[in-house]
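First comes the structure, then the notes that go with it.
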Amino acid sequence: MIDKISYSPINIMSTIKPIDRTGEGAADLGKQFGAFLNDAISNLNNQQQQVDQLNQSFIKGELSDVHQLTIASEKASLGLELTVQVRNKVLEAYQEVMRMQL
């Protein structure tokens with residue numbers, strides 16, 4: 062027999078507690094954002110290395126499933142495209158802030 066799943070938004074919302082960020086300043090948030098970007102770039106680099114390894118395996122004839130190579134290649138390509146777009150948006154925002162007059 063299938064048990065009924067109960068959904069109670071009140072119970073879900075009662076477990077969420079607001080984060081106290083009173084001690085964080087712009088420098089702390091900047092460091093966190095920098096760490097986030099560094100992690101994203103390292104993940105992108107790992108994806109590219111995985112594609113290179115799969116490509117070498119395919120060239121040697123060790124990889125029988127070409128779909129793995131294609132999927133990994135597309136993931137790395139999309140990750141690179143996303144990274145470039147985020148970089149462009151950050152540069153546009155920086156340039157816009159620099160154009161502001163006080």
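Under this note's numbering, the first residue of the sequence shown is numbered 62, with each subsequent residue one higher. Note that CB positions come from ideal geometry on N, CA and C, so glycine has one too.
Per the coordinates, the alpha-carbon of A133 lies some 7 Å from the alpha-carbon of Q108. If you draw a straight line from the Cα of Q162 to the Cα of A154, it is about 15 Å long. Excluding sequence positions up to five before and after N116, its CB lies within less than 7 Å of the CB of L130, all in the same chain and listed in chain order. A88 counts as exposed, since fewer than 16 other beta carbons sit within 10 angstroms of its beta carbon. Nearest Cα to K136 within the set S125, V112 and F94: V112. Judged by DSSP in its simplified three-state form, E135 adopts helix.
Per DSSP, D100 is one residue of the alpha helix (DSSP H) stretching across A87 to K121. Within the model, the alpha-carbon separation for D100 versus E123 is close to 31 Å. The Cβ-Cβ distance between L141 and L105 falls below 9 Å. For Q162, the secondary structure class from DSSP, reduced to helix, strand or coil, is coil.
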